[in-house]
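Undergrad:
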Amino acid sequence: MKFGIPLGGVHPGLWRDLTVRAEELGYDSVWLPEHLVLPAAMSGSPHHGDSHPPIPSQTPMYDAIAYLSYLAGQTSTIRMGTYVYNIGLRHPFVSARAATTLDIVSGGRFDFGIGASWLREEWDATGLDFSTRGARVDEALEVCRALWTEPTISHHGRFFDFDAVAFEPKPVQPGGPPIHVGGDGRPALRRVARFGSGWIPMNHTLDQIPGSVQTLSALWAEHGRTGKPEITTSAPADSPGDVARAADAGIDRMIVMPWRRTREALDGIARFADDILTPSRSG
120 MKFGIPLGGV
130 HPGLWRDLTV
140 RAEELGYDSV
150 WLPEHLVLPA
160 AMSGSPHHGD
170 SHPPIPSQTP
180 MYDAIAYLSY
190 LAGQTSTIRM
200 GTYVYNIGLR
210 HPFVSARAAT
220 TLDIVSGGRF
230 DFGIGASWLR
240 EEWDATGLDF
250 STRGARVDEA
260 LEVCRALWTE
270 PTISHHGRFF
280 DFDAVAFEPK
290 PVQPGGPPIH
300 VGGDGRPALR
310 RVARFGSGWI
320 PMNHTLDQIP
330 GSVQTLSALW
340 AEHGRTGKPE
350 ITTSAPADSP
360 GDVARAADAG
370 IDRMIVMPWR
380 RTREALDGIA
390 RFADDILTPS
400 RSG
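Positions 120 to 402 (my numbering) are the ones given, in order, by the sequence shown.
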């Protein structure tokens with residue numbers, strides 16, 4: 120089992136120290152959420168059953184890939200992930216260039232978590248059609264993959280249209296940084312099978328994971344993929360038994376937040392490493 124830290128769960132002033140300490144303790148990765156803007160009036164939530172946004176509109180936001188590039192320069196082994204990047208809100212030239220830059224400066228330590236987005240008002244603010252977000256995300260991923268792998272590409276699609284362009288340098292990781300698709304429905308699973316290296320379920324309980332993994336495995340095979348997708352998600356991890364149950368459900372990486380307030384985070388990740396991370400590895 121791998122363990123990641125959600126940097127969005129602490130004050131940004133601690134991001135560097137928490138990342139450096141997490142690397143020292145043997146954590147696999149740190150993950151940053153992102154938004155382009157947070158409209159003053161927001162509705163909905165990425166979490167099923169919630170009718171209100173999980174954060175206020177005044178929440179400070181940073182360019183996730185830029186900030187992770189800084190953190191990559193402070194570390195040497197821990198991986199950097201977006202959880203998740205709203206790729207549909209950007210032209211794929213912008214996304215591909217930013218992702219490539221982080222992949223290179225980190226020495227191939229970037230995991231590109233992407234999502235189709237839940238915040239309609241953010242799409243309205245950027246002048247994009249929220250109802251077409253899934254198709255736009257798929258086309259953006261198609262373009263990014265081509266930019267990362269082909270000497271030159273041209274593309275004439277529904278959302279993006281351009282004649283032959285070159286894109287250098289290529290990412291360090293062959294084929295580009297691994298794409299981890301956030302989402303819960305069948306469209307997200309199809310997106311994993313088509314473009315992804317991994318899946319980030321956002322609303323699944325532990326009991327629901329195996330059934331969706333079975334569906335994903337069938338879609339994965341239909342697309343001629345070999346190996347298996349990596350499953351990354353938050354789940355209870357209060358004991359080695361919790362970790363074993365998550366592994367049995369098919370989870371490969373657990374995003375854990377063993378603190379309740381920012382001032383508790385450094386001690387929390389150290390305690391978790393002693394109690395859970397090290398025993399799970401030795402076991």
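The C-beta atom is built at its ideal place from N, Cα and C for all residues, glycine as well. Keep in mind the model is a prediction, meaning the values are calculated, not measured.
1. Helix, strand or coil, according to DSSP, for residue 157 in the structure here?
2. Between which residues of its own chain and residue 306 is the CB-CB distance below 6 angstroms, once the five residues before and five after are set aside?
3. Take the Cβ of residue 383 as the centre, count every other Cβ of all protein chains shown within 10 Å, and call the residue buried at 16 or more, exposed below.
4. Between which two residues does the beta strand (DSSP E) containing residue 353 stretch?
5. Can we say the stretch 294-303 touches the stretch 318-337, given the rule of at least three CB pairs closer than 8 angstroms?
6. Quick test of your reading: residue 365 and residue 325, contact by CB under 8 angstroms. State the CB separation rounded to the nearest angstrom.
7. Shortest alpha-carbon distance to residue 230 belongs to which of 396, 372, 389?
8. Between which two residues does the beta strand (DSSP E) harbouring residue 330 extend?
9. The beta strand (DSSP E) with residue 273 in it runs from where to where?
10. Going by C-alpha distance, which of 370, 210, 213 is nearest residue 121?
11. Could you check what DSSP says for residue 198 in three-state terms: helix, strand or coil?
12. Report yes if the CB atom of residue 160 is closer than 8 angstroms to the CB atom of residue 269, and no otherwise.
13. Which same chain residues, not among the five before or five after residue 127, have their C-beta less than 7 angstroms away from its C-beta?
14. Would you mind stating whether residue 184 and residue 201 have Cβ atoms separated by less than 8 angstroms?
15. Ignoring anything shorter than 4 residues, give me the alpha helix (DSSP H) runs that lie fully in the stretch 219-294, in order along the chain.
16. Bridge partners of residue 204, per DSSP?
17. Would you check if the distance between the CB atom of residue 223 and the CB atom of residue 311 is smaller than 8 angstroms?
18. Per DSSP, residue 150 forms a beta bridge with which residues?
19. Determine the contact status of residue 263 and residue 348, defining contact as a CB-CB distance below 8 angstroms.
20. Please go through the same chain and pick out, in chain order, the residues whose beta-carbon is closer than 6 angstroms to the beta-carbon of residue 215, but skip the five residues on each side of it.
21. Could you tell me whether the stretch 388-395 touches the stretch 354-368, using the rule of 3 or more Cβ pairs below 8 angstroms?
TA: In short, the structure shows the following:
1. coil
2. 253
3. exposed
4. 349-353
5. yes
6. 6 angstroms
7. 372
8. First-last for residue 330: 328-341, but that is the alpha helix (DSSP H), not the beta strand (DSSP E).
9. 271-275
10. 370
11. strand
12. no
13. 151, 152
14. yes
15. 239-244, 252-268
16. 233
17. no
18. 125, 200
19. no
20. 263, 266
21. yes
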